[in-house]
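Input: a single structure, listed below in structure tokens.
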Amino acid sequence: MAIEIRGVNKSFGDAAVLRDVSVDVTSGSLTALLGPSGGGKSTLLRVIAGLERPDSGQVVISGRDATRLPPQRRDVGFVFQHYAAFKHMTVFENVAFGLRIRKRPKDEIKKRVGELLDLVHLDQFAERYPAQLSGGQRQRMALARALAVDPEVLLLDEPFGALDAQVRKELRAWLRRLHDEVHVTTVFVTHDQEEAIEVADTIVLLADGVVQQQGAPAEIYDNPASPFVMRFLGPVTEIDGRLIRPHDVEIRTEPGEGTSPAVITRVVRLGFEVRVEFTVRGAEGEQAAWAQLTRETVERIAIEEGAEVHVRPRPAIKHSIQIA
Amino acid sequence: MATSETTPDVSAEGVSQDAPSAGTAPDETAHDVPRDMTKRDGSAGRPRRFTGTGRWPVGDGTAIGLGTVTIFLSAVVLIPLGAVIWKSAEQGPGGFWDAITTPDAWAALKLTVIASLFVALVNLVMGTLIAWVLVRDSFPGKGVVDLLIDLPFALPTIVAGLVLLTLYGTDSPVGITLAYTRIGVVVALLFVTLPFVVRTVQPVLLELDKEMEQAAASLGAGNWTIFRRIILPNLVPAMLAGTALAFTRAVAEFGSTVLISGNVPFKTQVAAVHLFGQIESDNTAAAAAISTALLTLSLLVLLAIDLLRRWGARRG
Ligand SMILES: Nc1ncnc2c1ncn2[C@@H]1O[C@H](COP(=O)(O)OP(=O)(O)OP(=O)(O)O)[C@@H](O)[C@H]1O
Ligand SMILES: [Mg+2]
Numbered sequence: 001m002a003i004e005i006r007g008v009n010k011s012f013g014d015a016a017v018l019r020d021v022s023v024d025v026t027s028g029s030l031t032a033l034l035g036p037s038g039g040g041k042s043t044l045l046r047v048i049a050g051l052e053r054p055d056s057g058q059v060v061i062s063g064r065d066a067t068r069l070p071p072q073r074r075d076v077g078f079v080f081q082h083y084a085a086f087k088h089m090t091v092f093e094n095v096a097f098g099l100r101i102r103k104r105p106k107d108e109i110k111k112r113v114g115e116l117l118d119l120v121h122l123d124q125f126a127e128r129y130p131a132q133l134s135g136g137q138r139q140r141m142a143l144a145r146a147l148a149v150d151p152e153v154l155l156l157d158e159p160f161g162a163l164d165a166q167v168r169k170e171l172r173a174w175l176r177r178l179h180d181e182v183h184v185t186t187v188f189v190t191h192d193q194e195e196a197i198e199v200a201d202t203i204v205l206l207a208d209g210v211v212q213q214q215g216a217p218a219e220i221y222d223n224p225a226s227p228f229v230m231r232f233l234g235p236v237t238e239i240d241g242r243l244i245r246p247h248d249v250e251i252r253t254e255p256g257e258g259t260s261p262a263v264i265t266r267v268v269r270l271g272f273e274v275r276v277e278f279t280v281r282g283a284e285g286e287q288a289a290w291a292q293l294t295r296e297t298v299e300r301i302a303i304e305e306g307a308e309v310h311v312r313p314r315p316a317i318k319h320s321i322q323i324a
Numbered sequence: 325m326a327t328s329e330t331t332p333d334v335s336a337e338g339v340s341q342d343a344p345s346a347g348t349a350p351d352e353t354a355h356d357v358p359r360d361m362t363k364r365d366g367s368a369g370r371p372r373r374f375t376g377t378g379r380w381p382v383g384d385g386t387a388i389g390l391g392t393v394t395i396f397l398s399a400v401v402l403i404p405l406g407a408v409i410w411k412s413a414e415q416g417p418g419g420f421w422d423a424i425t426t427p428d429a430w431a432a433l434k435l436t437v438i439a440s441l442f443v444a445l446v447n448l449v450m451g452t453l454i455a456w457v458l459v460r461d462s463f464p465g466k467g468v469v470d471l472l473i474d475l476p477f478a479l480p481t482i483v484a485g486l487v488l489l490t491l492y493g494t495d496s497p498v499g500i501t502l503a504y505t506r507i508g509v510v511v512a513l514l515f516v517t518l519p520f521v522v523r524t525v526q527p528v529l530l531e532l533d534k535e536m537e538q539a540a541a542s543l544g545a546g547n548w549t550i551f552r553r554i555i556l557p558n559l560v561p562a563m564l565a566g567t568a569l570a571f572t573r574a575v576a577e578f579g580s581t582v583l584i585s586g587n588v589p590f591k592t593q594v595a596a597v598h599l600f601g602q603i604e605s606d607n608t609a610a611a612a613a614i615s616t617a618l619l620t621l622s623l624l625v626l627l628a629i630d631l632l633r634r635w636g637a638r639r640g
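Chain order of the listed sequences is A and B. All residue numbers for the first sequence refer to my numbering, where the first residue is 1 and numbers rise by one. All residue numbers for the second sequence refer to my numbering, where the first residue is 325 and numbers rise by one.
Written out as structure tokens, the structure is:
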């Protein structure tokens, strides 16, 4: 294990921000710390980096108890959400900072910083100041700066949070490739479930200071531990008191085992995918729900607004949760 | 290794607003230079103008502002200053030199400059320290201390002089007599210049990104290194600006020193008080010469500090 967090508690005043949090991060993995805003993600990351001291519990980094170590001695690279660039230093000096602290020889520093700037595609920007970079470039500079000292673990707090959607997508794929190249154990914070599922090997879902579930993305997606987790990881709809994914809804023209009658209220075509909204007439009255179908299915069974149909969860699915 | 096409770069904005550069754009992206660079970095060369019709170029608004500022500064600063210089120039360079090198004038100027330099340096260190404590430490009564800093500024300086005289005069309640000594002059100057460095450094320190320090810490920097390499470089401009203000204020100080110094010529008489004496004895030409000397001195110091700051900024 690269990072073991054991029963960590942390409060600010009387607000409990982390409650008995235990997380394992495997060496060399790329782990997403996912959760809603205010859930305690940044706090947990700062506890790992030693920027925040837990009230109780233990932080073990590479087998070494780091709970009482100051940030300087944790061997952790931290990339802040707002980059925390050293404004008064050039890109080169920013990246060189950790090496200068370690009193490495000049030509070694020059070589290492050059390699890192290549890696993050900032080789042409070495002499610029952070104020002269775009957000994405500053982010990559911060990443290079953290990587320069070869940390045991790399912690990224919402690395793409402040960037627009397009750049985010690109950087996300780039981070995945970078990780495959550099292999440093990485934990990144995000509140975007799509980002977590796409990039990470492991997801830790943290909400209200409590770890709701941790595991591989597919595992969490398919076997959510609670309605909360299921809702957080993707779109859901409710049929017959069961919480299911809209793509697991079956719409038929004839009644069958376990179907409920429904009336189509709206059909929205979104390219290949069609969003079908309907009202279910269940035992306890009417209820709005929706399904995600392919265009082909919609055409085959002639779904249109006002049509009377029968709906049920697809019989084969595993991941639904009884909530009523 | 990813190729440059996959380089995530920001170049989403600004094509239409930056029409003149559109032709060169593909070339630039090939070199991994996002076009929006110019927006953040004014120095990158291309001025941004509205090329569309029916819209005011943004730059025009500043002409009115510039005009207003010029008129205001002329009326309030430049014309009076010009008059002083004019007055002292009437005597010719020889007359000017003679007026400021009479033994008593020269002694007053020397005392003023040395005391002011000393006071400015003390302020540089102590003012920064006080600002630091006020921003970074918490202690009971912090709010009161914060309020007290401005008091020397709010008080008429003659009142400050009176307070100091009562405190450190011949029958001092605290047993320290500084009246009629040069130390008394320095103490008075320290008192009235206290707020300058504190009040210029304090807001910068408040605004300073704490995460910069945390980033440095997690890269292995100890507290002293963090202070020296991260905090100090960001404070230096404000520290220098405050010091310059403190120095120029000290050079010109009258009210707070006139009482405690006792105005002993060749010993405790500062330039401003000497100047007042010259005017009282109807020697306006000499007064104008001394004024010009003080003015030149202050300008030189302001200039020197500005140059220092530019030099520092260029070095990064
Ligand atoms: N220094 C602090 N003092 C007091 N409260 C704090 C402090 N830092 C965080 N909190 C509180 O702790 C809770 C968790 O904060 P945290 O920053 O860890 O959330 P987060 O999951 O990172 O949220 P976001 O996604 O919005 O960044 C919040 O309610 C926040 O107000
Ligand atoms: Mg956060």
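Beta carbons are placed, not taken as given, at the ideal position from N, Cα and C, and that holds for glycine.
For Thr-549/B, the chain A residues whose C-beta falls within less than 8 Å of its own C-beta are Ile-101, listed in chain order. Between the segment 158-168 of chain A and the segment 85-93 of chain A there are fewer than three C-beta pairs closer than 8 Å, too few to call the two in contact. In chain order, the residues with a C-beta atom nearer than 7 Å to some heavy atom of ligand 2 are Lys-41/A, Ser-42/A, Gln-81/A, Asp-157/A, Glu-158/A, Val-189/A.
In the three-state reduction of the DSSP assignment, Thr-67/A falls in the coil class, being assigned neither a helical nor a strand state.
Taking all protein chains shown into account, Leu-163/A has 16 or more neighbouring C-beta atoms within 10 Å of its C-beta and is therefore buried. By the beta-carbon neighbour count (other beta carbons within 10 angstroms, threshold 16), Val-468/B is exposed. Spatial neighbours of Leu-116/A in its own chain (CB-CB distance under 7 Å, excluding positions within 5 residues in sequence) are listed in chain order as Val-95, Ala-144, Leu-147, Ala-148.
Along the segment 97-125 of chain A, the positions whose C-beta sits under 7 Å from a C-beta of chain B are Phe-97, Gly-98, Ile-101, Arg-102, His-121, Gln-124, read in chain order. According to DSSP, Lys-10/A shares a beta bridge with Leu-18/A.
The segment 590-610 of chain B and the segment 554-566 of chain B do not touch, with fewer than three beta-carbon pairs separated by less than 8 Å. Within the segment 42-53 of chain A, those residues whose Cβ lies closer than 7 Å to any Cβ of chain B are, in chain order, Ala-49, Leu-51.
In the DSSP assignment, Gly-215/A falls within the beta strand (DSSP E) that extends over 210-215. Residue state for His-598/B is assigned as helix, using DSSP reduced to three classes. Rounded to the nearest angstrom, the gap between the Cα atoms of Arg-100/A and Ala-439/B is 41 Å.
The C-beta distance from Leu-30/A to Thr-186/A rounds to 5 Å, short enough to meet the 8 Å contact threshold.
For Glu-535/B, the secondary structure class from DSSP, reduced to helix, strand or coil, is helix. Taking 8 Å as the threshold, the shortest C-beta distance from Ser-542/B to chain A falls below it.
The C-alpha of Gly-493/B lies about 18 Å from the C-alpha of Val-516/B. When DSSP states are grouped into helix, strand and coil, Gln-287/A belongs to the strand group. Relative to ligand 1, even the nearest heavy atom lies 7 Å or more away from the CB of Gly-50/A. Around the beta-carbon of Glu-254/A, fewer than 16 other beta-carbon atoms lie within 10 Å, marking it exposed. Contact check for Thr-572/B against Ser-622/B passes: the beta carbons are separated by less than 8 Å. The segment 523-531 of chain B makes no contact with the segment 60-67 of chain A; the number of CB pairs closer than 8 Å stays below 3.
Annotation: the continuous beta strand (DSSP E) that includes Ala-262/A extends over 260-270. Shown in chain order are the members of the segment 524-536 of chain B whose Cβ falls below 8 Å from a Cβ of chain A: Asp-533, Glu-535, Met-536. Relative to ligand 1, Gly-39/A has its C-beta within less than 7 Å of a heavy atom. Of Arg-112/A, Phe-160/A, Leu-156/A, Leu-155/A, the smallest CA-CA separation from Ser-134/A is found for Phe-160/A.
Where Ala-32/A is concerned, the enclosing beta strand (DSSP E) starts and stops at 30-34. Close partners of Ile-554/B in chain A (Cβ separation under 7 Å): Phe-86.
One finds Leu-543, Gly-544 in chain B with Cβ atoms closer than 8 Å to the Cβ of Val-149/A, taken in chain order.
Straight through space, the alpha carbons of Gln-538/B and Gly-234/A are spaced by roughly 35 Å. Membership of Val-167/A in the alpha helix (DSSP H) is indicated by the continuous run 165-182. Counting along the chain, no beta strand (DSSP E) covers Ile-454/B; the unbroken alpha helix (DSSP H) around it starts and ends at 427-460.
Judged by DSSP secondary structure, Ser-56/A falls within the beta strand (DSSP E) whose first and last residues are 56-61.
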